[in-house]
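Residue numbers (my numbering): 34 to 163.
A virtual CB, placed ideally from N, CA and C, is assigned to each residue, including glycine.
Here the structure is a predicted model, which is why all the values come from computation and not from measurement.
To start, the structure itself, in structure tokens.
Below, the structure written as structure tokens:
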């Protein structure tokens, strides 16, 4: 008798656990890729001595988490940052706070809207010159 009750209790707990896990997973929003063709960086060529570089999405879609990674032409990390939305501003400085050298740089932009599940990635090539 006690063994039967124990088995039934375990079965109920397993059923309840799997139901709760399944329910929680189903609440997560689906992910939808977004074509980031309207994401631009300006001014190009960029001169850090005369202002900031802006990265914007001209489509008007709202993203609440923007990550940027800036690499030099050799693929070395120059700067990384996370922002709460557009526009993203870069002052032309690396992680150590010094102004970057003139040359070609690649900006990797990753945008995500946690509420809608919309996400996208884009690479932008910029020229820094003085």
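Classification of residue i by the beta-carbon crowding that lies within 10 angstroms, buried from 16 upward
| i | result |
| --- | --- |
| residue 83 | exposed |
| residue 54 | Confidence at residue 54 is low in this model, with a pLDDT of 44, below 50, so the placement of that residue should be treated as unreliable; the coordinate-derived value is given next. Label assigned to residue 54: exposed. |
| residue 99 | buried |
| residue 147 | exposed |
DSSP state of residue i mapped onto helix, strand, coil
| i | result |
| --- | --- |
| residue 66 | strand |
| residue 96 | coil |
Between the CA atoms of residue j and residue i - distance to the nearest angstrom
| i | j | result |
| --- | --- | --- |
| residue 142 | residue 163 | 24 Å |
| residue 94 | residue 152 | 11 Å |
| residue 96 | residue 150 | 10 Å |
Rounded distance between the beta-carbons of residue j and residue i, thought under 8 Å
| i | j | result |
| --- | --- | --- |
| residue 88 | residue 140 | 7 Å |
| residue 164 | residue 125 | Since the first and last residues shown for the chain are 34 and 163, residue 164 lies out of range. |
Beta carbon proximity, residue i to chain B, threshold 9 Å
| i | result |
| --- | --- |
| residue 159 | In summary, chain B is missing from the structure at hand, where a single protein chain is found. |
Contact between the stretch 65 to 84 and the stretch 107 to 115: three or more CB pairs below 8 Å?
no
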